[in-house]
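**Student:** Sharing a structure below in structure tokens format, with a few things to ask.
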Ligand SMILES: [Fe+2]
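Numbering (the numbering used here), first residue to last: 86 to 430.
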């Protein structure tokens, strides 16, 4: 018994000493001692589960630790802008690109390493090179197969403003995912068309909080269809299918605004004093290992880098006939203003 207590006391002493060492080296501005793992801070607005998969693999490969601060696209983008050069963030990851543009326009990103940019085709990153796409997601129309025959499906996202769609489609207007779709509509069709569409949406759409809630409502037959991103449906199908069994996905294609493919972004903050490790993380995300996590993991988001194919369950990106949109042109502030004016926010 006595020996057991001694061991516990010894272990407790050792643990407190280690904590002390870590705390000291974290406070140091002069670089990290060779025997202490380096830690970068990532402001993460991507789905936590996906980023955690990335982080686990990155830390295993590099030894670099990642401290995650999770939040939404707009919330964390605004936070970085407010913090400015004093932000503790080394890296910013988003679900959608408008929040990346917000931070880019505030002049807070440094250039992404050319090696990293070379891993990502130009259509999945802004021409400025201030951040890069790390994954992609497609807009889809999820519909209840019993409530909506295929010949009544909308041909275009724009059709949903028609009075014939009153009370017959759902969306999550407060979410960054849906607002990115509106930002694409704004970029592709201009302010007048977007304003009219949002007015029609206010009349017609049933609002829910979150894409999962939209899909559940469509599955339950509360509303015949809804505008969401594709991976919510594939994720549910891969599990029990309980929230999507009665539904199918309709892809608008034809370069319609409803065929918009949204890019998830990653960038390194100019204010980071761990730029080498931060750039290494971005190179990992867009490299083979990071992209293979999209191919084989549970996220069902599209791979965009290093020639890695997407999850074979998905409709290939090349078949989506997505409209061409420069991700750095998407304007989240204007979208928030127009949606507020329409009474949707
Ligand atoms: Fe999402």
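Even glycine gets a Cβ: it sits at the ideal position worked out from N, Cα and C.
In its own chain, which residues sit with a C-beta less than 6 Å from the C-beta of residue 253, not counting the 5 before and 5 after it?
**Tutor:** Locating residue 253 in the chain shown gives position 168, where the first residue counts as 1. Here the set comprises 309.
**Student:** Residue 180: beta carbon under 8 Å from a heavy atom of ligand 2?
**Tutor:** In terms of ligand content, the structure shown lacks ligand 2 and carries ligand 1 instead.
**Student:** Give the range of the beta strand (DSSP E) segment to which residue 199 is assigned.
**Tutor:** The count along the chain shown starts at 1 and reaches residue 199 at position 114. Careful: residue 199 lies outside any beta strand (DSSP E), inside the alpha helix (DSSP H) at 199-202.
**Student:** Out of 317, 326 and 360, which one is the CA nearest neighbour of residue 125?
**Tutor:** The residue given as residue 125 occupies position 40 in the chain shown. For residue 125, the nearest C-alpha among the options comes from 360.
**Student:** With hydrogens ignored, establish whether the beta-carbon of residue 132 is closer than 8 Å to any heavy atom of ligand 1.
**Tutor:** On the chain shown, residue 132 is found 47 positions in, with the first residue counted as 1. Yes; taking the cut-off as 8 Å, the Cβ of residue 132 has a heavy atom of ligand 1 nearer than that.
**Student:** Helix, strand or coil for residue 382, going by three-state DSSP, please let me know.
**Tutor:** Here residue 382 refers to the residue found at position 297 when the chain shown is read from its first residue. Residue state, collapsed to three classes: coil.
**Student:** Can you list, in chain order, the residues of its chain with a C-beta nearer than 6 Å to that of residue 402? Leave out the 5 residues immediately preceding and following it.
**Tutor:** If you number the chain shown from 1, residue 402 lands on position 317. Excluding residues within five positions, the ones whose Cβ falls inside 6 Å are 387.
**Student:** Select from 181, 193, 187 and 250 the residue whose C-alpha is nearest the C-alpha of residue 173.
**Tutor:** Residue numbering aside, residue 173 sits at position 88 when the chain shown is read from its first letter. With distances taken between Cα atoms, residue 173 lies closest to 193.
**Student:** Helix, strand or coil for residue 441, going by three-state DSSP, please let me know.
**Tutor:** Because the chain is modelled from 86 through 430, residue 441 falls outside the range shown and cannot be assessed.
**Student:** Is the beta carbon of residue 177 less than 9 Å from the beta carbon of residue 128?
**Tutor:** As a first step, residue 177 is located in the chain shown; it is residue number 92 there, counting from the start. As a first step, residue 128 is located in the chain shown; it is residue number 43 there, counting from the start. Yes.
**Student:** Just the C-alpha distance for residue 170 and residue 267, rounded to the nearest angstrom, thanks.
**Tutor:** Along the chain shown, one-based indexing puts residue 170 at 85. Along the chain shown, one-based indexing puts residue 267 at 182. Near 30 Å, if we compare the C-alpha coordinates of residue 267 and residue 170.
**Student:** Check the C-beta distance from residue 265 over to residue 206 and give it rounded, since I have them as a contact under 8 Å.
**Tutor:** Stepping through the chain shown from its first residue, residue 265 is reached at position 180. Stepping through the chain shown from its first residue, residue 206 is reached at position 121. With a Cβ gap of about 20 Å, residue 265 and residue 206 do not count as contacting.
**Student:** Could you name the residues of the same chain whose beta carbon sits closer than 6 Å to that of residue 411, not counting the 5 residues immediately before and after it, in chain order?
**Tutor:** In the chain shown, the residue the question calls residue 411 occupies position 326. Closer than 6 Å at the Cβ level, and outside the excluded window around residue 411, lies no residue.
**Student:** Does ligand 1 have a heavy atom nearer than 8 Å to the CB of residue 350?
**Tutor:** What you label residue 350 is simply residue 265 of the chain shown in a count that begins at 1. No, the Cβ of residue 350 stays beyond 8 Å of every heavy atom of ligand 1.
**Student:** Drop a sphere of 10 angstroms on the beta-carbon of residue 324, count the other beta-carbons inside from all chains shown, and report buried for 16 or more, exposed for fewer.
**Tutor:** Along the chain shown, read from residue 1 onward, the residue named residue 324 stands at position 239. When all chains shown are included, residue 324 counts as exposed.
**Student:** Look at the alpha carbon of residue 429 and the alpha carbon of residue 260, and state the distance between them as a whole number of angstroms.
**Tutor:** For the purposes of this step, residue 429 is taken as residue 344 along the chain shown, with counting starting at 1. For the purposes of this step, residue 260 is taken as residue 175 along the chain shown, with counting starting at 1. Straight-line Cα distance between these residues: approximately 11 Å.
**Student:** Around the C-beta of residue 181, are 16 or more other C-beta atoms found within 10 angstroms, so that it is buried, or is it exposed?
**Tutor:** Residue numbering aside, residue 181 sits at position 96 when the chain shown is read from its first letter. Residue 181 comes out buried.
**Student:** Am I right that residue 328 and residue 356 are in contact with their C-beta atoms under 8 Å? What's the rounded C-beta distance?
**Tutor:** Counting from 1 along the chain shown, the entry for residue 328 is found at position 243. Counting from 1 along the chain shown, the entry for residue 356 is found at position 271. Not really, about 41 Å apart at Cβ, beyond 8 Å.
**Student:** Quick one: is residue 186 buried, meaning 16 or more other Cβ sit within 10 Å of its Cβ, or exposed?
**Tutor:** Your numbering for residue 186 matches position 101 in the chain shown. Buried is the call here.
**Student:** For residue 203, does the count of other Cβ atoms within 10 angstroms reach 16, so buried, or fall short, so exposed?
**Tutor:** Along the chain shown, read from residue 1 onward, the residue named residue 203 stands at position 118. Its Cβ having fewer than 16 others within 10 Å, residue 203 is exposed.
**Student:** Could you check which residue in 179, 215, 210 and 165 has the C-alpha nearest to that of residue 195?
**Tutor:** In the chain shown, counting from the first residue as 1, residue 195 sits at position 110. Minimum Cα distance to residue 195 is reached at 215.
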